[in-house]
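Protein sequence lines correspond, in order, to chains U and Z.
Positions in the first sequence are counted from 1; adding 882 to them yields our numbering.
Positions in the second sequence are counted from 1; adding 882 to them yields our numbering.
We put the CB at the ideal spot given by N, CA and C, even for glycine.
Following: one structure in structure tokens, then a few remarks.
Number of protein chains: 2
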Amino acid sequence: MKNHAQLRQEVEKALQGLEVWQGEPQGLYQPAVYALGQGGKRIRPVLALMACQLFGKDCALALMPAIGLEVFHNFTLLHDDVMDKAAIRHGLPTVHMKWNANTAILSGDAMFAAAVSLTAKTPPASLPAVLDAFHRLALGVCEGQQYDMNFESQVQVSMAEYMEMIRLKTAVLIAGALEIGALVARAPETDVKHLYAYGNKIGLAFQLQDDWLDLYADEAKFGKKLGGDIRENKKTYLYIRAIEKLETEDRKQLEHWFSVATTPDNQEEKTVAVKTLFEKADAPRDCKEAVSKLFAEAGKHLSALSPLTDPAALKELQAFSAGLLGREF
Amino acid sequence: MKNHAQLRQEVEKALQGLEVWQGEPQGLYQPAVYALGQGGKRIRPVLALMACQLFGKDCALALMPAIGLEVFHNFTLLHDDVMDKAAIRHGLPTVHMKWNANTAILSGDAMFAAAVSLTAKTPPASLPAVLDAFHRLALGVCEGQQYDMNFESQVQVSMAEYMEMIRLKTAVLIAGALEIGALVARAPETDVKHLYAYGNKIGLAFQLQDDWLDLYADEAKFGKKLGGDIRENKKTYLYIRAIEKLETEDRKQLEHWFSVATTPDNQEEKTVAVKTLFEKADAPRDCKEAVSKLFAEAGKHLSALSPLTDPAALKELQAFSAGLLGREF
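This is the structure:
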């Protein structure tokens, strides 16, 4: 069994060894190398490998589909950054800023193609099931991004709509990573389902945690200025929950702040006012509670796994997930 | 054995029966339905089905991967039209004009995901080989588009570079369609290779024919104004061949015309002048000859197929290819 640091090293080594990016034309492949070279926690492939070794299998079996998920994830970031006009990611210029939008579109497409090819390097016995999981998560991520874009112009977004959006945009990829790792290990169907459900809850918790961190993170560690979601009028958990709970006058004020563009002049006042309204509605506390609840629900799916699973590998998965959510376990 | 009209009907029926586009959010899937509903000759899936039935197999075996190729092809059109800022396709507004660029990017991504899923609906015995063929053609098409974009700003494009670009951008998908059909039919490896080589030559011929038709088509049947490639300063076979052959003065004049933007004022004069220079170099005649040569070379690969192939199905494939190139056979 390997611990998460070792698994992450395996992932880095495999990503760096990929031959596909050595091909021509370099204008197509350099942006992929750039995007994949920016680090990140490699959460998705590490989870896939963890799910595989849970069943006592050598995680090397799942290495190619696992890094396929990382390549796929980075492809979605290239395209999302074009659609969202995002200028910075991981503290560096996004691909469409460093090159241009066409490059981000086309290199992204090539990354998607490469991700398919890596996913296909699954042991043949589990290939149809793994491809099915891959295609479901790929469509899910597209659907989530579409809802996210729809929400920009949609005045009212309910909590149910929001949770469905983040399920698709974020959680299905986390859940799919665990599912694919378990499928490669030929785990029993019920275990595959429990791991998927676990990943789904962890993925939702992860996104809500992100919503909370936007205002309450330690700015030095966060690596970017707090309050970005407010400046961009992003309808996150905090906003939607506050709208649900605030009385008419406060709600109108909050809606007003989110209906005007953020400018250098109003930025300070807006952030303080919105944060105050969020706190008046206890939305940040509700958010933290929702994270805890999801985390607890997730745990039940791990407890329900069959006795086939390796206890040490299970503990490693629990510790890694808890670490992602910045929690003691 | 089914003739090409019957095969095309099968393809249309299967495309219309696809459930994936019925899902939510409709904003993601409507553009796919729109793009796929614009008809076209369905060349790629028909060729895949033809390759399958060549070996006496029921073409239904290859139907899902075949329409996967059509969905994939249409995905590339959505993205290409964004990158090329093309406003019209098949006489209708392109997706990014009818909706917007973000929609064309994201719906295109969803179509790619759907294409993977359709390709995966291949009988398991041929699945790894089919996925390998699919991923090679998908990366090839991206590489071809990258070269095509590079050529816009590249002053000198050699004929070898041009032929490699159209091989990647156009021919690998035609060749890959035949390859996939043959793989599904579990054809002998040498036959798969001959069909791939056949498709490659036909694909190249098809693109050169297109270059020629831009100036010499029957405008009524062509459906768009002749000379579009000249107005867009596109370095096609005609341009590159003329540059190769013209003497200094004429070459300089041609290079000059392709270095200036086309305006309503210079359009008429430019088209006539460039056409005259093309003809002075005999580039259109050379182009037609190149098409004939490729078509003849392609034919040799059909003749080399093993006796396993069904003669009637072979004749149908020959007739369909000849029809695509508007030739008597």
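Annotated three-state conformation of Z/Pro975 is strand, per DSSP. Among the residues of chain U, those whose CB is under 7 Å from the CB of Z/Met1031 are Asn984, following chain order. A Cβ-Cβ contact shorter than 8 Å links Z/Asp1096 with Z/Leu1108. Residues are counted here when their Cβ sits less than 9 Å from a Cβ of chain Z; for the segment 1062–1095 of chain U the count is zero.
Taken in chain order, the whole alpha helix (DSSP H) runs of length 4 or more contained in the segment 992–1039 of chain U are 1009–1035. Neighbours of U/Ile987 in chain Z, taken as residues at a C-beta separation under 8 Å, are given in chain order as His961, Val964, Met965, Ile987. Any Cβ of chain Z closer than 8 Å to the Cβ of U/His955 would place that residue at the interface, and such an atom is absent.
Residue pairing by DSSP places U/Ile970 opposite U/Pro975 in a beta bridge. The DSSP-derived three-state label of U/Arg890 is helix.
U/Leu943 is not a Cβ neighbour of U/Pro1006, given a cutoff of 8 Å. For the pair of segments examined, the segment 1129–1136 of chain U was found not to touch the segment 1169–1177 of chain U: the number of CB pairs separated by less than 8 Å stays below three. Counting along the chain, Z/Cys934 sits inside the alpha helix (DSSP H) bounded by residues 925–936. Counted as a single uninterrupted DSSP element, the stretch harbouring Z/Trp903 is not any alpha helix (DSSP H), since DSSP gives it neither H nor E. Here the C-alpha atom of Z/Gln920 lies approximately 24 Å from the C-alpha atom of Z/Ile1048. For U/Glu1101, the uninterrupted alpha helix (DSSP H) segment begins and ends at 1101–1104.
Judged by their CB atoms, Z/Leu1184 and Z/Tyr1080 are nearer to each other than the 8 Å cut-off.
In this structure Z/Glu901 is exposed. Its beta-carbon is surrounded by fewer than 16 other beta-carbon atoms within 10 angstroms.
Taken through DSSP and simplified to helix, strand or coil, U/Ser1141 comes out as helix. According to the DSSP assignment, Z/Pro1189 belongs to no alpha helix (DSSP H), since it is labelled neither H nor E. For Z/Ser989, the number of other beta carbons within 10 angstroms of its own is at least 16, and it is reported as buried. Against chain Z, the CB of U/Glu1025 has a partner CB under 8 Å away; the residue lies at that interface. In this structure, the beta-carbon distance from U/Ala1002 to U/Glu1061 does not fall below 8 Å.
DSSP, reduced to helix, strand and coil, places U/Pro1166 within a helical segment of the structure shown. Assignment of U/Met883 by DSSP, reduced to helix, strand and coil, places it in the coil class.
Less than 8 Å separates the beta-carbon of U/Ile949 from that of U/Ala896.
Just measuring C-alpha positions, the residue of U/Asp1100, U/Asp963, U/Met993 sitting nearest U/Met979 is U/Asp963. Against chain U, the CB of Z/Ser999 has a partner CB under 8 Å away; the residue lies at that interface.
An exposed status is given to U/Ser1035, since fewer than 16 other beta-carbon atoms sit within 10 Å of its beta-carbon.
Exclusion of the five residues before and after Z/Leu1009 leaves Ala1002 as the residues of its chain whose Cβ lies within less than 8 Å of its Cβ. In this model, U/Glu1126 and U/Gln1089 are separated by some 19 Å (Cα to Cα). The C-beta distance from U/Val1074 to U/Ala1064 rounds to 5 Å, short enough to fall under 8 Å. The beta carbons of Z/Leu951 and Z/Ala986 sit no closer together than 8 Å. Between Z/Phe1202 and Z/His886, the C-beta spacing is below 8 Å. From the listed residues Z/Ala1124, Z/Met932, Z/Gln912, the smallest Cα separation to Z/Lys1162 is found for Z/Ala1124.
Approximately 7 Å separates the beta-carbon atoms of Z/Ala992 and Z/Tyr911; this is inside 8 Å, confirming the contact.
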